[in-house]
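Okay, so the sequence shown: first residue is 223 according to our numbering, each after it adds one.
Don't be surprised by glycine CBs; every beta carbon is placed ideally from N, CA and C.
Below: the structure, in structure tokens.
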Amino acid sequence: MTADGKARLAILISGRGSNLQAFIDACADAALAADISVVISNNPDAAGLQLADGAGIPTRCIDHRDFPSREAFDAALAAEVARWQVDLVILAGFMRILTPAFIQPFSGRLLNVHPSLLPRYPGLHTHQRALDAGDREAGVTVHFVTLELDGGPPIIQARVPVLPTDSAESLAARVIVQEHLIYPLAAQWFVTKRLQMTEHGVFLDGEPIPATGVDYSQETC
Ligand code: GRF
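Structure follows, in structure tokens:
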């Protein structure tokens with residue numbers, strides 16, 4: 223916690239940083255009662271690092287290419303995040319598969335956003351896969367991170383229609399608008415202690431969250 227009682231966040235990125243920007247905005251307008259303590263990238267060229275700089279947020283780059291193995295990179299990443307004593311770790315377009323060396327120390331306070339309606343389409347190219355399958359709707363899931371890739375328990379999902387004219391790019395553009403809404407909301411639930419992952423499951427306000435997460439369209443707060 224910060225001196226004024228706000229939760230401390232670490233945000234991990236690899237690229238553009240539009241979800242990072244949504245967090246910066248949510249913290250600024252008090253939709254999210256948190257401070258971003260640090261932004262860490264594995265990619266020195268990530269545009270999101272400039273967004274963080276512009277907002278006065280400390281940045282670090284830990285380049286995965288400097289490490290002999292995934293585990294060695296993850297151990298260095300975990301040590302850096304631990305230094306900042308954060309309450310919650312946000313993966314925001316962080317494009318590295320994480321091993322237990324990183325996931326275990328932050329289990330229960332590690333969130334990810336995935337651009338599909340999990341459990342459909344874990345992994346990459348989600349929008350093209352939704353188009354190829356002829357899906358009529360697509361969307362995004364915020365979930366707790368566990369050892370299974372994109373397999374941790376969903377917290378919230380938002381849905382969008384798939385239009386007959388859609389390309390992967392146009393669908394991604396429709397989905398990301400929803401990402402920017404539901405990801406800071408899930409973080410706000412966490413930092414206000416409404417959201418928890420325990421050995422018994424995932425709970426919002428003490429009630430079990432459905433297997434595919436809270437449906438954002440039904441959400442009123
Ligand atoms: C988002 O679509 C996110 O769901 C996925 O990677 C993308 C990151 O975009 N994991 P940005 O860097 O936040 O703009």
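For Thr-281: DSSP bridge partner residues: Val-261
Take Ala-248 as the anchor and find which of Glu-429, Trp-411, Leu-417 has the nearest alpha-carbon. Trp-411
Establish whether the CB of Gly-315 and some CB of chain D are separated by less than 8 Å. Of the protein chains in this structure there is only one, and it is not chain D.
Alpha carbons only, please: which of Glu-421, Leu-339, Ile-325, Ala-394 is nearest the one belonging to Thr-368? Ile-325
Quick one: is Pro-322 buried, meaning 16 or more other Cβ sit within 10 Å of its Cβ, or exposed? exposed
Between the segment 357–377 and the segment 401–408, can you find at least three pairs of beta-carbon atoms closer than 8 Å? yes
Val-362 beta carbon near the ligand GRF (any heavy atom closer than 7 Å): yes
Below 8 Å on the Cβ atoms is my guess for Ile-319 versus Leu-242; work out the distance and round it to an integer in Å. Contact flag wrong, Cβ pair sits at about 20 Å.
Does the pairing of the segment 335–355 with the segment 271–280 give three or more beta-carbon distances under 8 Å? no
Cut-off 7 Å between Cβ atoms - residues of its own chain near Ile-258, not counting five sequence neighbours on either side: Leu-231, Ile-233, Phe-245, Ile-246, Cys-249, Ile-279
In whole angstroms, what separates the C-alpha of Ser-225 from that of Leu-332? This sequence places Ala at residue 225; Ser is not what is there. Ala-225 and Leu-332: Cα-Cα distance of roughly 22 Å.
Pro-383 and Leu-340 - do their beta-carbons sit closer together than 8 Å? no
Bridge-paired residues (DSSP) for Arg-230: Asp-257
Through-space distance from Cys-283 to Asp-388, alpha-carbon basis: 36 Å
If you check the beta carbons only, do Asp-357 and Ala-229 fall under 8 Å apart? no
Cβ-heavy atom distance, Asn-264 to the ligand GRF, below 7 Å: no
According to DSSP, is Pro-172 part of a helix, a strand, or is it coil? This structure cannot speak to residue 172, because the chain is shown only from 223 to 443.
Can you check which of these residues, Asn-264, Ser-263, Gly-374, Ala-360, is closest to Phe-424 by C-alpha distance? Looking at the sequence shown, residue 424 is not Phe but Val. It is Gly-374 whose Cα lies nearest to the Cα of Val-424.
With distances taken between CB atoms, is the gap from Gln-379 to Tyr-438 smaller than 8 Å? yes
My guess is that Pro-314 and Ile-235 are in contact by the Cβ rule of under 8 Å, so how many angstroms apart are they, rounded? Correcting the residue identity first, residue 314 is Ala in this sequence and not Pro. That pair is a contact at about 5 Å.
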